[in-house]
Amino acid sequence: DKMKTHEEWQDRHLLEYQVRRTFYAANARFNLDSTLEVKTVFKKPNSFDSEIVRTEGSKMIREKVFDKILEAEKDAKTKEAKATAITPENYFFSMIGAETCDGRSCYRMRIVPKRKDRFSVDGQIWVDAEDGAIARIQGSPAKRPSFWTLHTEIDRRYKKIDGAWLCEEMESKSDILIGGHSTLKVDHSYVSVLTQKQSGS
570 DKMKTHEEWQ
580 DRHLLEYQVR
590 RTFYAANARF
600 NLDSTLEVKT
610 VFKKPNSFDS
620 EIVRTEGSKM
630 IREKVFDKIL
640 EAEKDAKTKE
650 AKATAITPEN
660 YFFSMIGAET
670 CDGRSCYRMR
680 IVPKRKDRFS
690 VDGQIWVDAE
700 DGAIARIQGS
710 PAKRPSFWTL
720 HTEIDRRYKK
730 IDGAWLCEEM
740 ESKSDILIGG
750 HSTLKVDHSY
760 VSVLTQKQSG
770 S
């Protein structure tokens, strides 16, 4: 109930934000890496526009990894993504225990998706005890992203900014059929966050 209350509050009050994101990906087998800097602007309800600021390194990684991520982000605003939100309608939950997350009390919970969709995660979450917000998600996609991807582990961490919990960093590690072991990290630096309370609405 607390998670649902927070999610509804954030949906109502988070109006927009601007964030600079730095993507870094590397492939061990082929000794390739690439960096991408993106300026992203979110505006309520579902406007999510990204502008590439800088790229360097492997062209293949940019095309096969970064471009695919930016395309998938647009899909993540569709009904399919809402159908895979971490809610009792979409997931089974079980308590693992109470912990401390960056100095705040939180609950660690096991999550199992009721349907295997490309945006669903089979793993665990950490929920802030006070706010009911998800502070961390860790696990694997319930559905393999592609035939070539044998296994992927995702770790996504959030931080509280003006009452809203927004992604701070994301890391993933994948084993790919031909490419071998690959890693991806995305760091977020927020330029501005506007909530309804700040705007005076």
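Residue numbers (the numbering used here): 570 to 770. Just so it is clear, CB atoms sit at the ideal spot from N, CA and C, and this is done for glycine as well. For clarity, every value in this text was computed on a predicted model and none was experimentally measured.
{"Query": "Uninterrupted beta strand (DSSP E) stretches inside the stretch 727-751 (no shorter than 3 residues)", "Result": "733-745"}
{"Query": "Whether I527 touches I655 by CB criterion (8 angstroms)", "Result": "Coverage of the chain is limited to positions 570 through 770, which leaves residue 527 absent and any answer about it impossible."}
{"Query": "Continuous alpha helix (DSSP H) assignments of at least 4 residues falling wholly in the stretch 587-665", "Result": "636-644, 648-651"}
{"Query": "Under 8 angstroms between C-beta atoms of V607 and R631", "Result": "no"}
{"Query": "Cβ-based burial, T653 [other Cβ within 10 Å; buried from 16]", "Result": "buried"}
{"Query": "Presumed contact (8 angstroms Cβ cut-off) between D691 and S709, rounded CB distance", "Result": "6 angstroms"}
{"Query": "Boundaries (first-last residue) of the alpha helix (DSSP H) holding R581", "Result": "571-582"}
{"Query": "Pairwise C-alpha distance: E640 and A595", "Result": "20 angstroms"}
{"Query": "Distance between beta carbons of Q587 and V760, contact taken as under 8 angstroms", "Result": "4 angstroms"}
{"Query": "Whole runs of the beta strand (DSSP E) within the stretch 677-713, excluding any shorter than 3 residues", "Result": "690-697, 703-710"}
{"Query": "C-beta contact flag for D700 and H575 at 8 angstroms", "Result": "yes"}
{"Query": "Spatial distance of L584 from T764 (CA atoms)", "Result": "5 angstroms"}
{"Query": "Nearest to F662 (by Cα), restricted to the options F599, I730, M678", "Result": "M678"}
{"Query": "CB contact flag (E740, H757, <8 angstroms)", "Result": "no"}
{"Query": "Alpha-carbon to alpha-carbon, S751 and W734", "Result": "28 angstroms"}
{"Query": "Proximity below 8 angstroms, CB of P682 to CB of S674", "Result": "no"}
{"Query": "Identified DSSP bridge partners for D771", "Result": "As shown, the chain starts at 570 and ends at 770. That puts residue 771 outside it, with no answer to give."}
{"Query": "Pair within 8 angstroms by beta-carbon distance, T609 and Y593", "Result": "no"}
{"Query": "Same chain, Cβ closer than 6 angstroms to K742, neighbours up to 5 away in sequence not counted", "Result": "E722, T752"}
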